Every structure is written in structure tokens, then in C-alpha cells.
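Enquirer: Once you've had a glance at the structure underneath, I'll fire off some questions.
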Amino acid sequence: MKQLRLENSAIFPIEYPATGEHCFFNLYNCNRKQLDDISLAERFSKCLVEDLGFTDIGTMSYKFNPQGVTHSRLLSQSHLNLHTWPELGTLLGDIFACGNPINRQTLAASLRDTFGVAPEIVYYKRGRNSALSPTASSTLPPIEQCQTCVAQHALHSHI
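Per the numbering used here, the sequence shown starts with residue 249, numbered consecutively.
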């Protein structure tokens with residue numbers, strides 16, 4: 249097995265695969281009241297995790313005064329985070345998954361159906377020998393844009 253030694257770093261096998269997928273999503277012009285609803289963030293993340301087939305192992309949420317929500321859901325695969333700025337109509341979040349692929353169409357449809365706007369989604373493979381790893385060049389990789397689903401997606405009846 250070939251090995252690579254970077255200056256001031258450990259030796260590791262070149263063949264080591266990427267270990268996870270990371271999606272970052274941005275939503276703008278959202279309903280401000282929805283973005284300030286901590287229970288909606290909690291219900292949405294629970295439904296999304298179920299729809300993606302991931303395993304929920306815990307949550308933490310915080311409601312800011314006078315407005316805004318931060319919500320995190322710990323997954324056996326990794327995590328899901330939501331951060332809102334109602335005064336700007338903005339929701340920013342990310343989901344990271346080790347071992348399980350992230351269904352980006354399900355993610356985009358769930359965000360769109362719940363918050364009423366098309367999300368911007370960027371996707372990276374993470375880990376050694378992936379574009380963001382220490383073995384890659386120092387420049388960021390091209391971003392693979394996730395196309396928003398055009399097919400109708402049923403509203404989550406449980407939200």
C-alpha cells in the first residue's frame with residue numbers, strides 16, 4: 249500500500265476513501281414567523297431525519313431573544329444543524345452523514361415544502377482523498393450544486 253507523508257503531518261494510506269457527505273443549505277425570503285418557531289424547527293428536523301432514513305440520537309435547541317432559533321439534531325451518522333435569522337428571512341443549515349448517502353432531492357423537497365422557498369444546496373464529500381482533505385490541493389473544489397426537485401413532493405402531514 250502506498251503511503252503519503254505531508255510536511256508536518258502523519259503518514260496515512262493514499263487509498264483511504266472519503267468518509268462522509270456534507271450538505272450546506274441556504275434559504276432566503278422565508279416566512280419570518282416560521283423562522284422564529286422553535287417547535288417548527290424541531291418537528292421539521294425530526295421529519296427530515298426520518299425521511300432520509302437516518303437515526304436520531306438527541307437534540308438541542310435554543311430560542312434567541314428577541315428572535316432566531318438554533319437547532320441541532322445528533323445522528324448516529326453525524327448531525328443536522330439549523331440556524332435562523334427571522335429579521336432577514338434567512339435559514340442556514342447543514343447535514344453531515346458518515347457512511348450513508350444524503351438524498352439531496354429529499355432534502356431539497358423537504359426544505360421547499362416546509363419553508364416555501366427553493367433552497368440553495370452545496371455538497372461535498374469529506375475525508376482523506378476527498379476534495380476537502382489534507383491530501384488535496386489547498387484550493388477549494390468546484391461546488392456540486394444540487395438541483396431543486398421539480399416534481400411535486402407531498403407536504404409532510406406530520407409537521
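Ideal placement from N, C-alpha and C gives every residue a C-beta, glycine not left out.
Owing to the predicted nature of the structure, the values given are computational and were not obtained by experimental measurement.
Quick one: any contact between the stretch 360-372 and the stretch 302-320, if contact means 3 or more CB pairs under 8 Å?
Expert: The stretch 360-372 is not in contact with the stretch 302-320.
Enquirer: What are the partner residues of threonine 225, as DSSP defines its beta bridges?
Expert: Given that the chain is displayed from residue 249 to residue 407, the structure contains no residue 225 and the question cannot be resolved.
Enquirer: If you count every other CB in all the chains shown that lies within 10 Å of the CB of serine 287, and 16 or more means buried, which is it?
Expert: Along the sequence shown, read from residue 1 onward, the residue named residue 287 stands at position 39. It is exposed - the Cβ of serine 287 has fewer than 16 other Cβ atoms within 10 Å.
Enquirer: At what residues does the alpha helix (DSSP H) containing phenylalanine 302 begin and finish?
Expert: Along the sequence shown, one-based indexing puts residue 302 at 54. Looking at the DSSP string, phenylalanine 302 is not in any alpha helix (DSSP H), and its letter there is neither H nor E.
Enquirer: For lysine 408, tell me which candidate among Ala345, Tyr276, Ala357 has the shortest Cα-Cα distance.
Expert: Any answer about residue 408 is impossible in this case: the structure gives the chain only from 249 up to 407.
Enquirer: Where does glutamine 251 sit, in a helix, a strand or coil, going by DSSP?
Expert: Translated into the one-based positions of the sequence shown, residue 251 becomes position 3. Note that glutamine 251 scores 47 on pLDDT, short of 50, meaning its location in the model is unreliable; the coordinates nonetheless yield the value given after this. Looking at glutamine 251 - three-state DSSP - the assignment turns out to be strand.
Enquirer: In whole angstroms, what is the alpha-carbon distance linking methionine 308 and lysine 294?
Expert: By 1-based counting over the sequence shown, the position of residue 308 is 60. By 1-based counting over the sequence shown, the position of residue 294 is 46. Each residue's Cα considered, the two are about 12 Å apart.
Enquirer: Is DSSP giving aspartate 201 helix, strand or coil here?
Expert: Residue coverage of the chain in this structure runs from 249 to 407, which leaves residue 201 outside it and unanswerable.
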